[in-house]
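Asker:
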Amino acid sequence: MGHARKTIDPVARFGALRFEDRWDGLPDSLRSRVEPTPLPDAELVDFSPATAEAINLDPAAAADPELPAFLAGQRLPQGAAPTATAYAGHQFGNFVPQLGDGRAISLGQVSDRFGQPWDLQLKGCGRTPYSRWADGRAVLRSTIREHLCSEAMAGLGIPTTRSLGLVVSSERIQRETLEPGAALLRAAPSHIRFGHYEYVFYRQEYELLKPLADYVITQHFPHLRGHRAPYRQWLTEVMELTAWLVAQWQAVGFVHAVLNTDNMSILGLTIDYGPFAFMDAYDPKFTPNHSDPAGRYAYENQPLAAEWNFSRLLQATLPLLSDDPEEAVEIGTHILDRFQPEYQRQYNSQMRAKLGLKTADREDESLMDDLLERMAASGADFTRSFRALCQVSRDGRGDDFFLDEFADRDAASSWLAAYRQRLEAEPADDRARQLEMCRANPAYVLRTHLAQAAIEQATAGDYTEVERLRRLLERPFDEQPDMAGYAALPPDWAQGIELSCSS
Ligand code: AMP
Ligand code: MG
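Put into C-alpha cells, the structure is as follows:
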C-alpha cells in the first residue's frame with residue numbers, strides 16, 4: 000500500500016485542456032485556494048469519451064499515461080487553479096450554515112467548442128476548508144455509482160453533471176467498513192447550487208448577492224444582460240429549469256433521494272449522486288435511502304421537495320427582487336406560485352410522450368394516473384411496463400408484452416382498452432408512434448442491482464462491467480443485441496442492497 004504523495008507534479012498540459020480563470024466575479028469570501036491531497040497508486044477504472052467530447056478534450060486522452068495521475072490529483076494540468084467554494088443548505092428541512100465543497104476541488108474552467116464554460120472538479124482528492132469533520136475522500140462504491148449515473152442521465156437526455164472518468168486507489172477509506180478509495184473528475188457548466196445563495200443570505204452579506212447572481216447570469220444566462228428585470232427573469236428561469244428537471248426524473252422513475260438545497264443546481268442539473276435509484280416496481284412512496292425512513296424525498300414527494308427548495312432560494316435572493324421588502328415578497332410569491340403549474344405542464348408533456356400521444360385531450364391526465372395506479376397495485380416494473388407499451392398496436396398485436404408485466408392482467412387489459420380507444424384520436428400510424436415511444440421510454444436504466452454487480456466486480460479488480468454498463472446506458476433507448484439481461488427484472492438478491500448517505 001502506498002502513501003499519499005505530499006507534492007504535486009505539475010505537467011505541461013493534459014490533452015489540449017486550456018484552463019481559464021473564470022472565478023473572477025465570484026466573491027472572495029466564497030472560495031479558497033486548496034491543494035489536492037493526491038490519491039496514491041491510482042489505477043484507471045473507466046473513462047467516458049462522451050464527456051471528453053463535451054469538454055472538448057480529445058477522447059484519445061483515455062490512453063494518455065498521465066490520465067490516472069491527473070484524475071487522482073497527483074498531477075495538475077497547466078493553468079489549473081485548484082479552488083473549493085463555500086455554500087450552506089437546508090438538509091432534511093434543517094438549515095446548516097456551513098457546508099461547501101468538502102471533497103470537491105475545482106481545477107478551473109475550460110471552454111467547449113461552442114465557447115460554453117465547463118468547470119472541472121476532482122471529487123475525492125482530499126480535504127478543503129469546508130470538509131468539517133470529514134476526510135475529503137470518496138469510496139469506490141459511490142464513485143462508480145456517480146460515474147455511471149452521470150453518464151446514464153446524459154444518455155437519457157436529462158440535464159446532469161458529467162463524469163470524465165474515475166480511478167481507484169490502494170488507500171482504504173473508513174466508512175461502515177474499510178473500502179477502496181477512489182476519485183472522479185466531475186464536469187458541469189457550473190457547480191453553483193441554491194446553497195451558495197443561502198450561504199450569503201444567512202451571513203447577512205447582502206452586498207454579495209448581486210455579484211453572486213451576476214456571476215451566474217453573465218456566464219450561463221447571457222441573454223438576460225440588459226433585461227429590464229434581470230433577477231426576476233433569472234429566478235423565473237431557474238424555477239422553470241428546476242421544474243423541468245424534476246418532471247424528467249419522474250418520467251424515468253428516478254429518485255435522487257437527498258434533495259437538500261445544497262444538492263440543487265442553479266442550472267437545473269442533476270447533481271450529487273448519493274443513494275439515488277431508478278425504481279424497479281412502481282411505488283410512489285419509494286425511496287432507496289435507508290437514512291430517510293419518513294420518505295421526505297420519496298418519488299412522489301420530489302416535485303414538492305424541489306418547490307420547497309426553490310422557495311429557500313427565493314428567500315435568499317429576495318433582496319434582488321426589489322428594494323421594497325413587501326414588493327420583493329410579492330414578486331417572489333408570484334414566481335413561486337408558478338412552480339407547480341409549470342411542473343405539471345412539463346410532467347404532462349413527458350407522460351404524453353411516454354404514451355405516444357401527440358394531441359392533448361382533457362382525459363389524458365386521468366388516463367395516465369389510471370395506468371400508474373394499476374401499475375402500483377400490480378407492483379409492475381416502471382421501466383419495463385412503459386417500454387412494453389411501445390409494442391402495443393391498434394389491432395392488439397404486441398399486447399402480451401405489456402400485460403405480462405402486471406400481476407393483475409385484467410386490470411392492465413381494461414386500461415389497454417381505454418388507451419386503444421384514445422389512440423383512435425391520434426394522427427400517427429402505429430409504426431411511427433411506436434418508434435417515437437421508443438425514444439421516450441428507455442429499455443435500460445441504471446438499476447441498483449446492475450450498479451451493484453459492477454461495483455462488486457470492480458472491487459475484485461475487474462473493471463469490465465463498469466465499462467459495459469457505461470456503454471449500454473449511453474444509448475438507453477436502443478435495443479442492444481445480447482443485452483436483454485440488463486432490461487430484466489431485478490434478481491431476488493437485489494432486495495438486500497441497502498443504500499445510505501455514506502459515500
Ligand atoms: P452530501 O450529503 O454528500 O451532499 O454532502 C453534504 C456535505 O458534506 C457537503 O458539504 C459535502 O461536501 C460534505 N461531504 C460529504 N462527504 C464528505 C467527505 N468524505 N469529506 C469531506 N466532505 C464531505
Ligand atoms: Mg451534496
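Mapped onto numbering that gives the first Met the number 0, the consecutive letters of the sequence shown carry residue numbers 0 to 502. Note that CB positions come from ideal geometry on N, CA and C, so glycine has one too.
Could you check where the beta strand (DSSP E) with Gly164 kicks off and where it finishes?
Answerer: First-last of the beta strand (DSSP E) with Gly164: 161-173.
Asker: Can you give me the start and stop residues for the beta strand (DSSP E) that Glu42 sits inside?
Answerer: Taken as a continuous stretch (DSSP letters only), the beta strand (DSSP E) holding Glu42 covers 42-46.
Asker: Keeping to the same chain, check which residues put their C-beta closer than 6 Å to that of Thr269; ignore five residues upstream and five downstream.
Answerer: Met152, Thr159.
Asker: Taking just the CA atoms, how far does Leu266 sit from Glu133?
Answerer: Just to set this straight, residue 133 is Ala in the shown sequence, not Glu. Answer to the nearest angstrom: the Cα atoms are 27 Å apart.
Asker: Ordered along the chain, which non-local residues of its own chain (more than five positions away) have a Cβ less than 6 Å from that of Ser392?
Answerer: Correct list, in chain order: Asp429.
Asker: Looking at the secondary structure, which residues open and close the alpha helix (DSSP H) in which Ser149 lies?
Answerer: 139-155 is the span of the alpha helix (DSSP H), which, as asked, contains Ser149.
Asker: Quick check: the segment 332-341 against the segment 281-291, are at least 3 beta-carbon pairs closer than 8 Å?
Answerer: Output reads no: the segment 332-341 does not touch the segment 281-291.
Asker: Mind listing, in chain order, the continuous alpha helix (DSSP H) runs of no fewer than 4 residues lying wholly within the segment 208-248?
Answerer: Runs of the alpha helix (DSSP H) inside the segment 208-248: 208-219.
Asker: In the DSSP output, what is Phe94 paired with across the bridge?
Answerer: DSSP lists His89 as partners of Phe94.
Asker: Do Asp118 and Ser189 count as a contact pair if the criterion is CB distance below 8 Å?
Answerer: In this structure, Asp118 lies closer than 8 Å to Ser189 by Cβ.
Asker: Is Arg396 helix, strand or coil when you go by DSSP?
Answerer: Three-state result, Arg396: coil.
Asker: Which term fits Pro35, buried or exposed, when burial requires 16 or more other beta carbons within 10 angstroms of its beta carbon?
Answerer: Pro35 is buried by the Cβ-count criterion.
Asker: Note down the Cα distance separating Leu98 from Gly88, rounded to an integer number of angstroms.
Answerer: Computed Cα separation, rounded: 7 Å.
Asker: Would you mind reading off the limits of the beta strand (DSSP E) that contains Val199?
Answerer: Here Val199 belongs to no beta strand (DSSP E); instead the alpha helix (DSSP H) covers 193-201.
Asker: Helix, strand or coil: how does DSSP classify Phe381 here?
Answerer: Of the three classes helix, strand and coil, the one that applies to Phe381 here is helix, per DSSP.
Asker: Does the separation of the CB atoms of Gly164 and Asp63 fall below 8 Å?
Answerer: No.
Asker: Taking only the alpha-carbon atoms, compute the straight-line gap between Asp360 and Glu425 and give it to the nearest angstrom.
Answerer: If I take the Cα positions, the gap works out to 10 Å.
Asker: In or out: Met0 buried (at least 16 other Cβ within 10 Å) or exposed?
Answerer: With a pLDDT of only 37 at Met0, under 50, the local geometry of the prediction cannot be trusted, and no value is derived from it.
Asker: For Lys5, does the three-state DSSP call read helix, strand or coil?
Answerer: Any reading at Lys5 is ruled out, since the residue's pLDDT is 49, under 50, leaving its predicted position unreliable.
Asker: Evaluate the contact criterion for the segment 242-249 versus the segment 449-460: three or more CB pairs, one atom per stretch, below 8 Å.
Answerer: No, the segment 242-249 does not touch the segment 449-460.
Asker: Using the C-alpha atoms, what's the distance from Met238 back to Thr447?
Answerer: Rounded to the nearest angstrom, the two C-alpha atoms are 30 Å apart.
Asker: Which residue spans inside the segment 315-391 form an unbroken alpha helix (DSSP H) run of at least 4?
Answerer: Within the segment 315-391, the complete alpha helix (DSSP H) runs of at least 4 residues are 324-336, 338-353, 363-377, 381-388.
Asker: Would you call the segment 403-413 in contact with the segment 361-373, where contact means no fewer than 3 C-beta pairs closer than 8 Å?
Answerer: Short answer: they touch.
Asker: Looking at C-alpha atoms only, which residue of Gly72, His146, Trp307 is the closest neighbour of Arg467?
Answerer: The residue with the shortest Cα to Cα distance from Arg467 is His146.
Asker: Please name the residue or residues paired with Asp407 in a DSSP beta bridge.
Answerer: In DSSP, Asp407 forms no bridge with anything.
Asker: Restricting to Cα atoms, I'd like to know which of Pro480, Gly378, Leu43, Ala293 is closest to Gly180.
Answerer: Among Pro480, Gly378, Leu43, Ala293, the Cα nearest to that of Gly180 is on Leu43.
Asker: By DSSP, does Glu178 sit in helix, in strand, or in coil?
Answerer: Correct three-state label for Glu178: strand.
Asker: With burial defined as no fewer than 16 other Cβ atoms inside 10 Å of the residue's Cβ, what is the status of Leu177: buried or exposed?
Answerer: Classification for Leu177: exposed.
Asker: Given Leu16, which residues of its chain have a CB within under 7 Å of its CB, disregarding the five upstream and five downstream residues?
Answerer: These residues qualify, in order along the chain: Leu56, Pro76, Val109.
Asker: Just the Cα atoms here: how many angstroms apart are Gly107 and Pro26?
Answerer: So the two alpha carbons sit approximately 16 Å from each other.
Asker: Answer yes or no: the CB of Asp261 versus the heavy atoms of the ligand MG, is any distance below 7 Å?
Answerer: Yes; taking the cut-off as 7 Å, the Cβ of Asp261 has a heavy atom of the ligand MG nearer than that.
Asker: Roughly how many angstroms separate the alpha carbons of Ala53 and Ile157, rounded to a whole number?
Answerer: Cα to Cα, the separation comes out at about 15 Å.
Asker: Within 10 angstroms of the Cβ of Gly484, are there 16 or more other Cβ atoms? Answer buried if so, exposed if not.
Answerer: Exposed, by the Cβ-count rule.
Asker: Could you check what DSSP says for Glu19 in three-state terms: helix, strand or coil?
Answerer: Residue state, collapsed to three classes: strand.
Asker: My guess is that Tyr515 and Ala59 are in contact by the Cβ rule of under 8 Å, so how many angstroms apart are they, rounded?
Answerer: Because the chain is modelled from 0 through 502, residue 515 falls outside the range shown and cannot be assessed.
Asker: Using only alpha-carbon positions, find the residue among Ala406, Pro292, Ala228 that is nearest to Asp322.
Answerer: The candidate whose alpha carbon is nearest that of Asp322 is Ala228.
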